Each structure stands twice: as structure tokens, then as C-alpha cells.
Amino acid sequence: MKPETPLTQYIKSKKRLVDGYLKQILSRRDGTPKLLQETMRYSALSGGKRLRPILALAAYQAVGGRGKIILPAACALELLHAFSLVHDDLPCMDDDDLRRGKPTLHKVYGPGLAVLAGDALHNLAFQLLAVTGNLQVLQEVASAIGAKGMIGGQVADLQAEGRKVSLEEVEYIHQHKTAALIRASVRVGGILGQASASQLRALTVYGENVGLAFQVTDDILNLEGKEKELGKKIGSDKLKKKATYPKAVGIRKSKRMATELTQTAKGAIRIFPNFGRLTQIADLLLQRIK
């Protein structure tokens with residue numbers, strides 16, 4: 000068993016922080032129907048890397064943020080990610096049976112409750128974002144998941160199924176469907192940490208490139224990864240004829256692109272005196288395909 004590195008210790012501590020807060024807010028006796036709360040917990044607490052909240056926390060620290068205002072916002076980002084996965088897995092979307100090594104929500108509770116649980120997670124996320132009292136944060140996240148962001152990317156993804164796609168089309172899908180919320184996560188950390196304009200620009204470049212690199216590596220792992228580690232069936236993208244980087248440019252070029260995107264992301268944040276964690280996280284994500 001390999002000894003823990005400072006980075007793995009950091010990630011574990013932040014995951015515990017996020018998971019503790021999520022468990023607390025998803026266990027409140029606040030009038031939420033018991034079955035609905037159960038479905039929300041099933042989705043939000045079923046594991047996962049907690050990448051988006053951890054990036055928000057790391058960006059907040061990188062710009063010198065102080066206090067705990069970042070935690071509700073960081074957890075809201077995870078709830079929005081959970082909402083997107085619940086809807087993405089539905090029979091009318093990707094019709095997936097497994098998520099994080101467990102049956103998908105609609106397989107356990109049915110499509111109707113899955114839709115409502117996703118909606119409830121979305122609503123709760125914006126309640127948490129409102130706690131910050133920061134209108135810019137609300138606008139940032141709403142834009143990232145809306146018609147010009149994640150939802151728009153999902154539409155393009157559905158339209159691309161079963162046909163030959165160009166690299167430009169794949170980039171559009173993944174910039175919107177995946178990278179938009181990751182970029183927003185980093186920017187939310189910067190905004191709440193009172194980043195300067197130049198610092199926020201640097202975080203934006205970092206978030207955009209890390210977000211895209213993350214999706215490129217996910218596409219590769221869907222072909223070359225291990226089902227136990229990935230938590231879903233290997234080769235599902237190919238079977239469903241999804242628009243992916245390997246489909247557009249091949250495995251070798253996809254790996255090169257992931258490396259280049261990661262290097263660009265790391266280069267952007269060298270202006271920070273405390274950029275180590277963000278750099279390490281970018282490297283860790285890339286190591287998944289090494």
C-alpha cells in the first residue's frame with residue numbers, strides 16, 4: 000500500500016468536509032418528503048471525486064480567501080453535478096444502468112422520481128448559492144449550467160449520436176457539457192475569495208483547460224479504463240455512438256491533447272504565490288491515463 004502524499008491527504012480532508020456538509024443538509028427534517036430526500040441522498044452521497052467543490056476550495060485558498068462562505072457554494076456545485084448525472088442517466092438520455100459502481104437512480108426508484116430528485120438537487124443548490132449573498136456567483140453558475148452551458152452541450156451531444164463528428168463539434172460539446180461547470184467552480188472560488196481581475200482571468204484559463212482535459216481523459220478511460228475504477232461499463236460511449244475525442248482524432252492524439260491542455264492550465268496560474276494545489280490537481284487528473 001502506497002503511503003499517502005500531501006495531495007491525497009488534502010483531497011481526503013476536503014472530501015470529508017464536503018461530504019459532512021452534504022450529509023447534514025440532506026438529512027434535515029425540513030418538510031421534504033421522506034422518499035424524495037432518500038433519492039437525493041442516494042444520488043449526492045453515492046461517492047465520486049468531489050472534483051468541482053475541491054477545485055472551488057483550492058481556488059478560494061489560492062487567492063487568499065478566508066472564512067467559511069465558500070463551503071455552501073462548493074457543496075452547491077456538487078449538487079448541481081449530481082443533478083446533471085441523474086438526468087444524464089435517464090432512459091430518454093444516455094440510458095445508463097451504472098453510476099459510480101451502483102445502479103443508477105432511475106433503475107432503483109424509477110424515471111419519475113429520478114427526474115424529481117434531479118430537480119430538487121438543482122433547487123437546493125441555488126438555495127445554497129444564495130447563502131453567499133453574491134449575485135455574481137449566482138449568475139456565474141446559472142450561466143454555466145444553462146442553455147449556453149451544460150444544457151446546451153447536452154443538446155449538442157444528443158444531436159451528435161450515431162454520426163461522424165468533427166473535432167470542432169466534440170470540443171463544443173465538451174466545453175459546454177463538462178468544462179463549463181468546472182470553469183465556474185474555479186471562478187466561484189476566486190470570486191468569493193475576492194480575486195483581482197487578473198487573478199480571475201488566470202483562474203478562468205485554468206478552469207477551461209482543466210475541464211476540457213478532464214473530459215478528454217474520461218473519453219479515453221471509457222475505452223481503456225477498468226470498469227471497477229470507472230464505476231460504469233467500459234466501451235459504453237462507443238456502443239452508443241457518442242461524440243468523443245478518440246472517435247474524432249484517435250487515442251494517441253487525444254492523449255497528447257490532454258497533456259497540452261493540462262500544461263496550459265498549469266501555466267495560467269503561475270501568477271499566484273500559492274498555486275501548488277491547483278497544479279497538483281491538474282496533474283492528478285491527467286495521471287488517470289498514464
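Here numbering that gives the first Met the number 0 is used: position 272 in the sequence shown is 271, and no number is missing along the way.
Think of the CB as a built atom: it goes at the ideal place given N, C-alpha and C, for glycine as much as any other residue.
Remember, it's a predicted structure, so these values are computed and weren't measured experimentally.
Identity of the residue in the options nearest residue i by Cα
i	options	result
aspartate 93	Lys163, Val209 and Val85	Val85
cysteine 74	Leu134, Tyr244, Gln23 and Glu168	Gln23
methionine 149	Val107, Gly210 and Asn221	Gly210
glutamate 304	Ser235, Leu277 and Phe213	Absent from the structure is residue 304, since the part of the chain shown begins at 0 and ends at 289.
arginine 251	Arg269, Arg276 and Leu220	Leu220
valine 187	His80, Lys232, Leu199 and Ile280	Leu199
glutamate 207	Lys176, Leu25 and Tyr244	Lys176
glycine 47	Arg99, Gly145 and Ala124	Arg99
glutamate 160	Asp118, Arg40 and Leu238	Leu238
lysine 14	Arg51, Ala257 and Tyr41	Arg51
leucine 35	Gly249, Gly117, Ile268 and Thr278	Gly117
serine 323	Tyr205, Gly145, Val248 and Lys265	The structure shown has nothing for residue 323, since the chain only spans 0 to 289.
arginine 40	Ser12, Lys246 and Leu112	Leu112
asparagine 122	Asp87, Arg49, Ile190 and Ser83	Ser83
aspartate 95	Arg65, Lys232, Phe274 and Gly19	Lys232
glycine 132	Val107, Gly151, Ile190 and Lys265	Ile190
Boundaries (first-last residue) of the alpha helix (DSSP H) holding residue i
i	result
aspartate 88	Premise fails: aspartate 88 is in no alpha helix (DSSP H) and is neither H nor E.
glycine 151	149 to 159
threonine 4	Unbroken run through threonine 4: none, as it is neither H nor E.
asparagine 273	Taken as a continuous stretch (DSSP letters only), asparagine 273 belongs to no alpha helix (DSSP H), as it is neither H nor E.
arginine 200	196 to 223
valine 130	110 to 130
leucine 25	That residue, leucine 25, is in no alpha helix (DSSP H); it is neither H nor E in DSSP.
glycine 188	179 to 191
lysine 237	235 to 238
histidine 173	166 to 173
isoleucine 144	134 to 144
lysine 246	244 to 248
Expected contact under 8 angstroms - CB spacing of residue i and residue j to nearest Å
i	j	result
glycine 192	valine 17	The pair is not a contact, with the Cβ atoms about 17 angstroms apart (cut-off 8 angstroms).
leucine 6	leucine 283	7 angstroms
arginine 276	glutamine 135	About 23 angstroms separates the two Cβ atoms, so there is no contact after all.
isoleucine 270	serine 197	7 angstroms
methionine 104	threonine 38	A small correction: the amino acid at residue 104 is leucine; methionine does not occupy that position in the sequence shown. About 6 angstroms; that satisfies the 8 angstroms criterion.
isoleucine 10	isoleucine 53	6 angstroms
alanine 242	glutamate 167	So it is not a contact: roughly 11 angstroms between Cβ atoms.
Contact check, residue i vs residue j, beta carbons under 7 angstroms
i	j	result
tyrosine 155	isoleucine 172	Reading off the sequence shown, one finds alanine at residue 155, where the question assumed tyrosine. Contact flag set, yes.
alanine 55	serine 184	yes
leucine 89	proline 102	no
isoleucine 288	lysine 240	no
leucine 202	alanine 58	yes
leucine 70	leucine 120	no
aspartate 217	tyrosine 244	no
valine 140	leucine 128	yes
alanine 339	threonine 263	The chain is shown from 0 up to 289; residue 339 falls before or after that span and cannot be answered.
alanine 194	alanine 143	no
serine 26	alanine 81	no
methionine 256	valine 204	no
(message) List, from N- to C-terminal side, the beta strand (DSSP E) runs of 3 residues or more that fit wholly inside the segment 43 to 69.
(response) Segments of the beta strand (DSSP E) lying fully in the segment 43 to 69: there are none.
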